[in-house]
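J.: Residue -8 in our numbering sits at position 9 of the sequence shown; the count goes up by one each step and never skips.
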Amino acid sequence: MGLQGLKLEVTKWSWVTHTSKASGKEMIKVTYYGALSDKPVSEYVPVLHQGYAGQKAMALIASVSRKAGVKLPGEGTLQDLCDLLNAGAPPSEIEYKKDGKFYNVIKRIWDETTEA
-16 MGLQGLKLEV TKWSWVTHTS KASGKEMIKV TYYGALSDKP VSEYVPVLHQ GYAGQKAMAL
44 IASVSRKAGV KLPGEGTLQD LCDLLNAGAP PSEIEYKKDG KFYNVIKRIW DETTEA
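(1) Near Val28, what residues of its chain come up, given a Cβ to Cβ distance below 7 Å and the 5 sequence neighbours on each side ignored?
(2) If I follow the unbroken beta strand (DSSP E) through Val30, where does it start and stop?
(3) Would Tyr16 and Trp(-4) be called neighbours here (beta carbons separated by less than 8 Å)?
(4) Below 6 Å CB to CB, which residues in the same chain sit around Ser48 once its five sequence neighbours on both sides are set aside?
(5) Is Leu19 closer than 8 Å to Tyr79 when the C-beta atoms are compared?
(6) With distance defined between alpha-carbon atoms, name the residue in Trp93, Gly59, Val24 and Asp21 nearest to Gly71.
(7) Does the distance from the C-beta atom of Val(-7) to that of Ser75 stay below 8 Å?
(8) Roughly how many angstroms separate the alpha carbons of Asp82 and Leu31, rounded to a whole number?
(9) According to DSSP, is Ser46 helix, strand or coil?
(10) Using the Cβ count rule (16 or more neighbours within 10 Å means buried), how would you classify Ala51?
And the structure:
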């Protein structure tokens, strides 16, 4: 019970830079949009954080960019990365759970066989 998340059929996504109100650190926020009646789902990707959180975030960005058909640059700003990812193909569906006031995206599915 409670192991499966909610699903959202994604129609588009939006990547933007975000500064945490709690820590003041910069990160990326991705928002997934579904049908007009669906509530958007946002997740925060702390790509500039040190340690495990930053490593996990960079692995997620690498996986998502491959599936979205985007080649990551060797250098650039967070805004450059957001612009690049915005040009990529969003997943067709996500599975997510609410974790307090934030969402935790469990799966991103681009087609029947590809997930990140």
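A virtual CB, placed ideally from N, CA and C, is assigned to each residue, including glycine.
T.: On the basis of the coordinates in this document:
(1) So the qualifying residues of the chain are Met10, Ile11, Val13, Ala40, Leu43 and Ile44.
(2) For Val30, no beta strand (DSSP E) encloses it, and the DSSP letter there is neither H nor E.
(3) The answer is yes: Cβ separation under 8 Å.
(4) Excluding positions up to five away in sequence, the list reads Leu55.
(5) Not closer than 8 Å, so no.
(6) Residue Trp93 is the option with its Cα nearest to Gly71.
(7) Yes. Within cutoff.
(8) A direct Cα-Cα distance of roughly 22 Å separates Asp82 from Leu31.
(9) Ser46 carries a helical assignment under DSSP once its states are collapsed to helix, strand and coil.
(10) Answer is buried; the Cβ neighbour count reaches 16.
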